[in-house]
Amino acid sequence: MDASGALRFPAAPTPRSRIRGYRIEPGEVQGLATDPRVGSAAVLARRMPQGHVALIGYVVPRAGADTEEARAGVWSAVRASARRELPD
Numbered sequence: 003m004d005a006s007g008a009l010r011f012p013a014a015p016t017p018r019s020r021i022r023g024y025r026i027e028p029g030e031v032q033g034l035a036t037d038p039r040v041g042s043a044a045v046l047a048r049r050m051p052q053g054h055v056a057l058i059g060y061v062v063p064r065a066g067a068d069t070e071e072a073r074a075g076v077w078s079a080v081r082a083s084a085r086r087e088l089p090d
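Residue numbers for the sequence shown follow the numbering used here, so the first one is 3 and each next one is one higher.
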């Protein structure tokens with residue numbers, strides 16, 4: 003509560019992860035899934051059993067990508083975009 007009596011809610015912190023020395027925001031990586039065939043995408047940072055942190059991406063093809071070939075095209079486009087934009 004501030005001096006005027008109004009309640010103030012601090013903004014939620016942006017989820018960030020440090021992966022191999024790089025500060026990564028999952029939302030930035032999720033933005034790589036801009037192919038028009040992508041319906042939705044999400045990225046999570048997970049600690050792997052070996053102890054390191056890895057980004058795990060989930061991609062859902064847009065409605066109508068109902069063949070295995072169409073889905074494979076979406077996965078290929080997202081992977082290619084990630085390889086171009088993200089550090090190794």
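From the three backbone atoms N, C-alpha and C, an ideal C-beta is built for every residue, glycine too.
Everything numeric in this text was worked out from a predicted model, so none of it was measured.
Given a cut-off of 7 Å on the beta-carbon distance, is the pair residue i and residue j in contact?
i          : j          : result
residue 60 : residue 44 : yes
residue 80 : residue 35 : yes
Can you grab the Cα-Cα spacing for the pair residue i / residue j, in whole Å?
i          : j          : result
residue 50 : residue 30 : 21 Å
residue 76 : residue 7  : 52 Å
residue 67 : residue 21 : 32 Å
residue 70 : residue 85 : 22 Å
residue 39 : residue 64 : 5 Å
residue 52 : residue 58 : 15 Å
Identify, in the order they occur along the chain, each residue of the same chain with its Cβ nearer than 8 Å to the Cβ of residue i, setting aside the five sequence neighbours on each side.
i          : result
residue 5  : none
residue 83 : 34, 35, 36 and 37
residue 55 : 19, 20, 21, 47, 48 and 49
Tell me which same chain residues have a C-beta within less than 6 Å of the C-beta of residue i, skipping the five on either side of it?
i          : result
residue 42 : 62
residue 72 : none
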